[in-house]
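Asker:
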Amino acid sequence: MKLLGAGVSGMPVFGQSSLVFPGKRPMLVHNDFPEDLETPAEYFDTWITPNDAFFVRQHLPRPKVDAAQWRLGIGGMASTPLKLSLAELKQMPQAKVPATLECAGNGRGYYKPKLPGLQWTKGAIGNAEWRGVRMADLLKKAGVASGATYGNFNGADVGVAKTPDFIRSIPMRKLMDPSTLIALEMNGQPLPDLHGFPARLIVPGWDGASWVKWVTDIQFSDQPDKGFYYARAYRYPKVPVPPGGAAKPEDMEVLEGMAVKSFFARPADQSRVKLGAGIPLQGIAWAGENRLTRVEVSTDGGAKWQDAKLSPQNFPFAWRLFTLDWTPAKPGYYTLFSRATDSAGRTQPIEPSWNPPGYLWNAVDRIGILVEG
Ligand SMILES: Nc1nc2c(c(=O)[nH]1)N[C@H]1C(S)=C(S)[C@@H](COP(=O)(O)O)O[C@H]1N2
Ligand SMILES: [Mo]
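Read left to right, the sequence shown gives residues 137 to 509 (my numbering).
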């Protein structure tokens, strides 16, 4: 996996060992088609992740949606089935929600033994301001029946060969949450194609797989979808299994809220710095559906810990930046750790529970820094 060149327009361009993606800075490329692009950790130095630095994940070739033809269909257990155009959605009241989006498999590359699947390191995560229509308003407009327990969401991408169509179910209690949106904008821009133009589901605090892109159809039902991506994938063992072990399918539960987590963005792991000046340590921390309460940093291999400063933006579902000015006393190699705690009392573990799909990696973060005299 290499850091590859950013593009200006058009499709990815091959040549000179560089691969170009429209509207993206150089990214860590796991797959070029469909695009699976990771954000390098050093880019996480702003509270909002700009659209050109935001990670990309999709299972199937990305659809190209014609906004004029596109409709959002809403049906199933609903008294007023709808087919809404983009213009009609834009006429409804719009809400703004800052929220962090993280792929469940973020950090999979750190699990030992190794697992199949994308070997994400730190950067399958980003924080954006999403703007669009509240799901709760759409539920009302469609007259969703009281017996409906799930909304089943499908996007414009379709199954190919052995990869099934991507359909996800979201329980009604989360759809009713005023922060759950059908977003039309990301950071003040229409959603980029790579992020689900013209409309995607925003499920704050929950893993990325729930955030269906290019949404075309929502079916309300008293049953979740029976397809692969809800009935089998994105499940986590309710009882921890030994590393390399297996879990019984009936012991796998649907993933919802994300783990408590922090990591360093700067300085980069294994960098060299000069003794003398203070060294700004900076990173990001978040807690899924809980509130982040604390980030502690150790600069001596975990012997002593001190509280980092958290950035002033403090919203449910959105990460906070942490900072600490560090002035090492003498030259040498230092091992640094960061550890977040949340409102439910969860703290990052030293060793996250190994699990067959490789989800929810949230170990205490560790970097090594060489201080030169
Ligand atoms: N239609 C559709 N939506 C999708 C996916 C997909 O394959 N198809 N992938 C999901 C997964 S697994 C993740 S992590 C997020 C990634 O969102 P992003 O590409 O905007 O970062 O999109 C989700 N929405
Ligand atoms: Mo994901």
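Each residue gets a CB set at the ideal place from its N, CA and C atoms; glycine is no exception.
Remember, predicted model here, so these are calculated numbers, not experimental data.
Per DSSP, N288 is paired with what?
Answerer: DSSP output for N288 lists S305 and Q355 as bridge partner(s).
Asker: If we ignore side chains and look at the alpha-carbon of each, how far apart do Q194 and A383 end up?
Answerer: Their backbone Cα atoms lie some 26 Å apart in a straight line.
Asker: Nearest to Q442 by alpha carbon, out of S474, P452, R402 and P385?
Answerer: Comparing Cα positions, the closest option is S474.
Asker: Reducing DSSP to helix, strand and coil, say where M147 ends up.
Answerer: Any reading at M147 must be qualified, since the residue scores a pLDDT of 41, below 50, and its modelled position is unreliable; no value is offered.
Asker: Take S346 as the anchor and find which of R304, P373 and M308 has the nearest alpha-carbon.
Answerer: If we check each option's Cα against that of S346, R304 comes out closest.
Asker: Look at the alpha carbon of H166 and the alpha carbon of G253, and state the distance between them as a whole number of angstroms.
Answerer: Near 10 Å, if we compare the C-alpha coordinates of G253 and H166.
Asker: Check whether the Cβ of H331 lies closer than 7 Å to any heavy atom of ligand 1, and answer yes or no.
Answerer: Yes - ligand 1 has a heavy atom lying nearer than 7 Å to the Cβ of H331.
Asker: Do T285 and M308 have their beta-carbon atoms positioned less than 8 Å apart in this structure?
Answerer: Closer than 8 Å, so yes.
Asker: So is S215 buried or exposed if we call it buried at 16+ other beta carbons inside 10 Å?
Answerer: Exposed is the call here.
Asker: Rounded to whole angstroms, what's the CA-CA distance from T435 to R482? Just pull it up for me.
Answerer: Cα-Cα distance, rounded: 22 Å.
Asker: What is the rounded straight-line gap between the Cα of E425 and the Cα of G509?
Answerer: When rounded, the distance between both Cα atoms is 44 Å.
Asker: State the Cα-Cα distance for the pair T257 and L237, rounded to the nearest angstrom.
Answerer: Distance between the alpha carbons of T257 and L237: 15 Å.
Asker: Is DSSP giving Y372 helix, strand or coil here?
Answerer: Here Y372 sits in strand by DSSP.
Asker: With distances taken from each beta carbon to the nearest heavy atom of ligand 2, which residues come in below 6 Å, in chain order?
Answerer: Going by the Cβ distance cut-off, the answer is R193, C239, A240, G241, G344 and A345.
Asker: Out of G494, P385 and G341, which one is the CA nearest neighbour of A454?
Answerer: The shortest C-alpha separation from A454 is found at G341.
Asker: Return the Cβ separation of F458 and A444 in integer angstroms, given the expectation that the two are a contact with Cβ distance under 8 Å.
Answerer: That belief holds up - the Cβ atoms of F458 and A444 are roughly 4 Å apart, short of 8 Å.
Asker: Can G291 be considered in contact with ligand 1, in the sense that its beta carbon sits closer than 7 Å to one or more heavy atoms?
Answerer: Yes, Cβ of G291 sits closer than 7 Å to a heavy atom of ligand 1.
Asker: Since L457 sits in a beta bridge, which residues does DSSP pair it with?
Answerer: I420, per the DSSP bridge assignment.
Asker: Which residue's Cα is closest to the Cα of G381: Y247, P217 and A319?
Answerer: The residue with the shortest Cα to Cα distance from G381 is Y247.
Asker: Taking a contact to mean a Cβ-Cβ separation below 8 Å, would you say F190 touches G262 in this structure?
Answerer: Closer than 8 Å, so yes.
Asker: Applying the 10 Å Cβ sphere with the 16-neighbour rule, what's the burial state of A203?
Answerer: Counting Cβ neighbours within 10 Å, A203 comes out exposed, since fewer than 16 surround it.
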